[in-house]
Amino acid sequence: MLDIKNLSVSYGAIDAVKGISLHVDDGEIVSLIGANGAGKTTTLHTITGLVPARSGSIVFNGQDLLKTKANKIVTLGMAHVPEGRHVFTRMSVQENLEMGAYSLKDTSHVAEDLDKVYTYFPRLKERRRQLAGTLSGGEQQMVAMGRAIMSRPNTILMDEPSMGLSPKLVKEIFRIIEKLHEEGITVLLVEQNAKMALSIADRAYVLETGRITMEGKASDLLHDEKVRKAYLGA
Amino acid sequence: MSGFVMFISQIFNGLKIGSVYALVALGYTMVYGIIRLLNFAHGDFIMIGAYTLMLSIPALAAMGMPAWTAVIPATLVCALVGVLVERLAYKPVREKGNSMTALITAIAMSLLLENGSQAIFGADYKTVPTIVSIPTLTIGQLKIDGATIVSIVLGVVMMVAMQLYVKRTKQGKAMRAVSEDKEASLLMGINVNGTITLTFAIGSGLAAIAALMYCVSYPQVSPTMGMMLGLKAFVAAVLGGIGSIPGAMVGGLAIGLIESLTKAYIGTITGGVITSAFSDAIVFAILIIVLLVRPSGLMGEPETEKV
């Protein structure tokens with residue numbers, strides 16, 4: 000379980016996150032929705048140690064993440080699929096996926112996990128020798144997700160997986176997120192595509208300029224008048 | 000000696016010095032690749048390596064060890080100096096300053112190493128004891144001396160080894176990952192600072208091996224010996240495409256060949272108008288021409304804007 004309390008983050012004089020509290024229980028899909036610049040990505044970056052917090056606490060399965068080195072967090076079972084994919088463009092698809100398993104001490108399952116990723120994303124199997132930089136945005140998203148799966152996580156943070164993708168690909172990506180959820184993986188999903196995000200999530204938080212303004216069951220938020228006006232274009 | 004034999008022996012000369020440039024360029028390019036810093040002190044690591052050879056050969060000989068084993072302390076000393084320079088000078092500057100402060104720090108480190116060794120060893124040339132004595136290889140009229148054979152063989156072995164290391168090993172892959180995307184590397188669980196330190200250690204260690212190859216042919220050391228070697232290697236790295244390991248190798252060998260062939264033939268070709276004294280100028284002119292045609296170097300990939 001991931002538990003965030005009173006988290007504040009600032010870049011110099013700019014406060015990006017202003018005292019938010021949220022939690023993600025084991026096995027849940029929780030969505031964090033909000034406009035551009037609301038602090039969604041900053042929140043995820045702080046969880047995995049890419050950005051330091053100013054105050055507050057982040058505890059993951061009893062471990063204080065604010066005191067854990069960024070490169071050790073993946074070993075606790077938390078993977079992060081960053082916004083903009085961040086695949087290694089000059090490595091092949093397969094090398095990218097193997098980098099996902101970098102943190103594993105026991106490498107006996109790597110081949111089996113690769114097969115699993117290739118069953119999820121058959122297109123990656125066809126392109127496994129191709130440099131990741133030559134792939135389309137959707138394929139790069141698959142690489143980034145596959146890379147996260149390779150670290151055998153119990154929790155995955157996903158940052159804007161639908162960004163820049165065609166509606167068909169968005170559906171495919173969300174189908175995989177649901178599949179991972181069925182396997183028991185906990186998901187914290189950051190999305191601007193609020194409709195998709197709320198439709199697969201158990202619970203959701205609405206973030207506005209660094210503060211959580213609403214929270215609740217995703218199905219309730221999906222039908223909430225204010226949410227519909229602000230984020231669902233209805 | 001016939002013209003053809005003369006030409007072949009010039010090719011071997013070019014490959015010999017080109018191997019030295021290639022190994023130094025390899026260190027340059029690895030460090031640039033991982034932290035985007037032109038480490039102007041890199042040439043001076045050759046000098047540190049050469050002084051270590053000079054001091055450790057007699058010491059090892061006293062213990063009954065062959066002279067070439069001095070490459071071991073030389074590599075260790077260079078790797079250590081490289082890591083110290085990174086940790087004490089570059090890392091703090093990288094975290095607080097910008098790329099210009101880092102570049103100036105690198106120039107400062109170069110001056111510090113040169114003047115530091117001048118204070119310790121004096122400014123004059125010192126002789127390095129004989130490192131290897133391999134007989135000259137004679138094929139018909141063609142004579143290739145032992146130093147040339149040692150340099151080319153060692154150069155090729157090191158280049159192949161480095162390529163395999165970076166492509167195949169876990170640490171090598173981590174280096175490539177860090178050089179491309181530090182945030183994503185952290186998310187994979189890679190110790191980014193440790194990987195940068197390791198890159199410095201390896202790059203600087205390669206300079207020690209280059210020092211051995213150089214001293215086999217030119218057995219003397221001076222505090223400023225690394226300046227021109229470092230500059231040529233830098234040209235080689237840029238020519239090949241900075242950041243690219245195969246590029247550094249190709250660039251190094253190309254610079255060596257260009258230099259050796261211009262020295263041998265430019266006078267004859269131009270009827271004495273341009274003499275071999277211009278060979279360095281020609282090397283730099285070729286660099287400029289190549290960069291005009293291919294700004295990212297022979298084997299470098301064009302910089303793509305990251306989204």
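If you're matching them up, the sequences are chains E and A in order.
To convert, note that position 58 of the first sequence is 57 in numbering that gives the first Met the number 0; the numbers rise steadily by one, no gaps.
To convert, note that position 220 of the second sequence is 219 in numbering that gives the first Met the number 0; the numbers rise steadily by one, no gaps.
Positions of the beta carbon are idealized from the N, C-alpha and C atoms, including for glycine.
Just so we're clear, the structure is a prediction, and the values are computed from it rather than from any experiment.
- Residues near Gly-204 (chain A) by beta carbon distance below 6 Å, same chain, minus five either side: What you label residue 204 (chain A) is simply residue 205 of the second sequence in a count that begins at 1. Once the five neighbours on either side are set aside, the close Cβ partners of Gly-204 (chain A) are Thr-74, Cys-77, Ala-78.
- Just the C-alpha distance for Gly-296 (chain A) and Ala-284 (chain A), rounded to the nearest angstrom, thanks. Looking up residue 296 (chain A) in the second sequence gives position 297. Looking up residue 284 (chain A) in the second sequence gives position 285. Distance between the alpha carbons of Gly-296 (chain A) and Ala-284 (chain A) is about 14 Å.
- Task: Determine, using beta carbons only, whether Arg-175 (chain A) comes closer than 8 Å to chain E.
- Result: Position 176 of the second sequence, counting from 1, holds the residue named residue 175 (chain A). Yes, because at least one Cβ of chain E sits closer than 8 Å to the Cβ of Arg-175 (chain A).
- Are the C-beta of Ala-12 (chain E) and some C-beta of chain A separated by less than 8 Å? As a first step, residue 12 (chain E) is located in the first sequence; it is residue number 13 there, counting from the start. Ala-12 (chain E) does not count as touching chain A.
- Query: By the criterion of Cβ-Cβ separation under 7 Å, what are the contact partners of Met-187 (chain A) in chain E?
  - Reply: By one-based count along the second sequence, residue 187 (chain A) stands at place 188. Those within 7 Å of Met-187 (chain A) in chain E are Val-73, Met-98, Gly-99, Tyr-101, Ser-102.
- Message: Would Ile-19 (chain E) and Ile-155 (chain E) be called neighbours here (beta carbons separated by less than 8 Å)?
- Response: Reading the first sequence from its first residue, position 20 is the one you call residue 19 (chain E). Reading the first sequence from its first residue, position 156 is the one you call residue 155 (chain E). No, the Cβ-Cβ distance between Ile-19 (chain E) and Ile-155 (chain E) is not below 8 Å.
- Separation of Ile-32 (chain E) from Ala-69 (chain E), as counted between CA atoms: Position 70 of the first sequence holds residue 69 (chain E). Position 33 of the first sequence holds residue 32 (chain E). Approximately 24 Å, taken between the alpha carbons.
- Should Arg-167 (chain A) go down as buried or exposed, given a rule of 16 or more other Cβ atoms within 10 Å for buried? Numbered from its first residue, the second sequence carries residue 167 (chain A) at position 168. It is exposed - the Cβ of Arg-167 (chain A) has fewer than 16 other Cβ atoms within 10 Å.
- Ser-7 (chain E) in three-state terms, based on DSSP: As a first step, residue 7 (chain E) is located in the first sequence; it is residue number 8 there, counting from the start. Reduced to three states, the DSSP call for Ser-7 (chain E) is strand.
- Message: So Asp-180 (chain A) contacts chain E; which residues on that side make the cut at Cβ distance below 7 Å?
- Response: Counted from its first residue, the second sequence places residue 180 (chain A) at position 181. Those are His-85, Phe-87, listed as they occur along chain E.
- Between Leu-65 (chain E) and Ala-52 (chain E), is the Cβ-Cβ spacing less than 8 Å? What you label residue 65 (chain E) is simply residue 66 of the first sequence in a count that begins at 1. What you label residue 52 (chain E) is simply residue 53 of the first sequence in a count that begins at 1. In contact: Leu-65 (chain E) and Ala-52 (chain E) (Cβ atoms closer than 8 Å).
- Message: Restricting to Cα atoms, I'd like to know which of E:Glu-207, E:Leu-179, E:Thr-208 is closest to Ser-200 (chain E).
- Response: For the purposes of this step, residue 200 (chain E) is taken as residue 201 along the first sequence, with counting starting at 1. Looking at the sequence provided, one finds Ala at residue 200 (chain E) rather than Ser. That would be E:Leu-179, whose Cα lies nearest to the Cα of Ala-200 (chain E).
- Message: Using only the alpha-carbon positions, how far apart do Lys-239 (chain A) and Val-191 (chain A) sit?
- Response: By 1-based counting over the second sequence, the position of residue 239 (chain A) is 240. By 1-based counting over the second sequence, the position of residue 191 (chain A) is 192. Reading off the sequence shown, one finds Gly at residue 239 (chain A), where the question assumed Lys. If I take the Cα positions, the gap works out to 26 Å.
- Query: Among A:Met-187, A:Met-29, A:Thr-137, A:Ser-109, which residue has its Cα nearest to the Cα of Met-224 (chain A)?
  - Reply: On the second sequence, position 225 is the one that residue 224 (chain A) refers to. For the residues A:Met-187, A:Met-29, A:Thr-137, A:Ser-109, the minimum Cα distance to Met-224 (chain A) belongs to A:Ser-109.
- Task: Can you pull the chain E residues whose beta carbon is under 9 Å from the beta carbon of Val-191 (chain A), in chain order?
- Result: Taking the first residue of the second sequence as position 1, residue 191 (chain A) is located at position 192. In chain order: Ala-69, Asn-70.
- Task: Please say whether Met-174 (chain A) and Pro-245 (chain A) have beta carbons closer to each other than 8 Å?
- Result: Start at 1 with the first residue of the second sequence, and residue 245 (chain A) comes out as number 246. Start at 1 with the first residue of the second sequence, and residue 174 (chain A) comes out as number 175. Against a cut-off of 8 Å, the Cβ pair of Met-174 (chain A) and Pro-245 (chain A) comes out as no contact.
- Task: Can you pull the chain E residues whose beta carbon is under 7 Å from the beta carbon of Lys-95 (chain A), in chain order?
- Result: Taking the second sequence and counting its residues from 1, the one referred to as residue 95 (chain A) is at position 96. By Cβ distance, chain E contributes nothing, its closest Cβ being about 14 Å from Lys-95 (chain A), past 7 Å.
- Message: At the level of alpha carbons, what is the spacing between Phe-233 (chain A) and Ala-24 (chain A)?
- Response: Your numbering for residue 233 (chain A) matches position 234 in the second sequence. Your numbering for residue 24 (chain A) matches position 25 in the second sequence. Rounded to whole angstroms, Phe-233 (chain A) to Ala-24 (chain A) spans 6 Å at the Cα level.
- Query: Should Tyr-89 (chain A) be labelled buried (16 or more other beta-carbon atoms within 10 Å of its own) or exposed?
  - Reply: Residue 89 (chain A) sits at position 90 when you count from the first residue of the second sequence. It counts as buried.
- Task: Check the C-beta distance from Gln-139 (chain E) over to Arg-84 (chain E) and give it rounded, since I have them as a contact under 8 Å.
- Result: On the first sequence, residue 139 (chain E) is found 140 positions in, with the first residue counted as 1. On the first sequence, residue 84 (chain E) is found 85 positions in, with the first residue counted as 1. Between Arg-84 (chain E) and Gln-139 (chain E) the Cβ distance is about 4 Å, and since that is below 8 Å, they are a contact.
- Run of the alpha helix (DSSP H) containing Ser-30 (chain E), from where it starts to where it stops: Position 31 of the first sequence, counted from the first residue, corresponds to residue 30 (chain E). Counting along the chain, Ser-30 (chain E) falls outside any alpha helix (DSSP H), though it belongs to the beta strand (DSSP E) covering 28 to 32.
- Comparing the C-beta of Lys-15 (chain A) with each C-beta of chain E, is any distance below 8 Å? For the purposes of this step, residue 15 (chain A) is taken as residue 16 along the second sequence, with counting starting at 1. No, Lys-15 (chain A) lies away from the interface with chain E (no Cβ there is under 8 Å from its Cβ).
- Option in A:Trp-67, A:Ser-243, A:Phe-277 with minimal Cα separation from Thr-129 (chain A): Translated into the one-based positions of the second sequence, residue 129 (chain A) becomes position 130. Of the candidates A:Trp-67, A:Ser-243, A:Phe-277, the one whose C-alpha sits nearest the C-alpha of Thr-129 (chain A) is A:Trp-67.
- Against chain A: residues of the segment 146 to 167 of chain E by CB proximity under 8 Å: Arg-146, Ser-150
- Task: Taking a Cβ distance cut-off of 8 Å, strictly less, list which residues of the segment 141 to 174 of chain A are near chain E, in chain order.
- Result: Lys-169, Lys-172, Ala-173
- State the Cα-Cα distance for the pair Ile-57 (chain E) and Glu-94 (chain E), rounded to the nearest angstrom. Start at 1 with the first residue of the first sequence, and residue 57 (chain E) comes out as number 58. Start at 1 with the first residue of the first sequence, and residue 94 (chain E) comes out as number 95. Computed Cα separation, rounded: 32 Å.
- Task: Have a look at Thr-67 (chain E) and Thr-74 (chain E) and give me their C-alpha separation to the nearest angstrom.
- Result: As a position in the first sequence, residue 67 (chain E) is number 68, starting the count at 1. As a position in the first sequence, residue 74 (chain E) is number 75, starting the count at 1. Each residue's Cα considered, the two are about 11 Å apart.
- Query: By the criterion of Cβ-Cβ separation under 7 Å, what are the contact partners of Leu-49 (chain E) in chain A?
  - Reply: As a position in the first sequence, residue 49 (chain E) is number 50, starting the count at 1. Here the neighbours are Glu-182, Leu-185.
- Query: Any beta-carbon of chain A closer than 8 Å to the one on Met-90 (chain E)?
  - Reply: Indexing the first sequence from 1 puts residue 90 (chain E) at position 91. With 8 Å as the cut-off, Met-90 (chain E) counts as an interface residue toward chain A.
- Roughly how many whole angstroms lie between the Cα atoms of Lys-167 (chain E) and Asn-35 (chain E)? The residue given as residue 167 (chain E) occupies position 168 in the first sequence. The residue given as residue 35 (chain E) occupies position 36 in the first sequence. Approximately 23 Å, taken between the alpha carbons.
- Query: Pairing CB atoms from the segment 31 to 41 of chain A with CB atoms from the segment 88 to 108 of chain A, are three or more of them under 8 Å?
  - Reply: yes
- Message: Spatial neighbours of Leu-231 (chain E) within its chain, please: C-beta separation below 7 Å, excluding the five flanking residues on both sides.
- Response: Counting from 1 along the first sequence, the entry for residue 231 (chain E) is found at position 232. Answer for Leu-231 (chain E): Ala-193, Lys-194, listed in chain order.
- Message: What would DSSP say about Glu-304 (chain A), mapped onto helix, strand or coil?
- Response: In the second sequence, the residue the question calls residue 304 (chain A) occupies position 305. Annotation note: pLDDT 41 at Glu-304 (chain A) (below 50); position unreliable, no value reported.
- Task: With a 10 Å radius around its C-beta and 16 neighbouring C-beta atoms as the bar for buried, classify Lys-95 (chain A) as buried or exposed.
- Result: As a working mapping, residue 95 (chain A) is identified with position 96 in the second sequence. It counts as exposed.
- Under the three-state DSSP convention, the category Ile-130 (chain A) falls into: Counting from one through the second sequence, the residue named residue 130 (chain A) turns up at place 131. Reduced to three states, the DSSP call for Ile-130 (chain A) is coil.
- Closest Cβ-Cβ distance between Glu-82 (chain E) and chain A: below 8 Å? By 1-based counting over the first sequence, the position of residue 82 (chain E) is 83. Not closer than 8 Å to any Cβ of chain A, the Cβ of Glu-82 (chain E) fails to qualify, so no.
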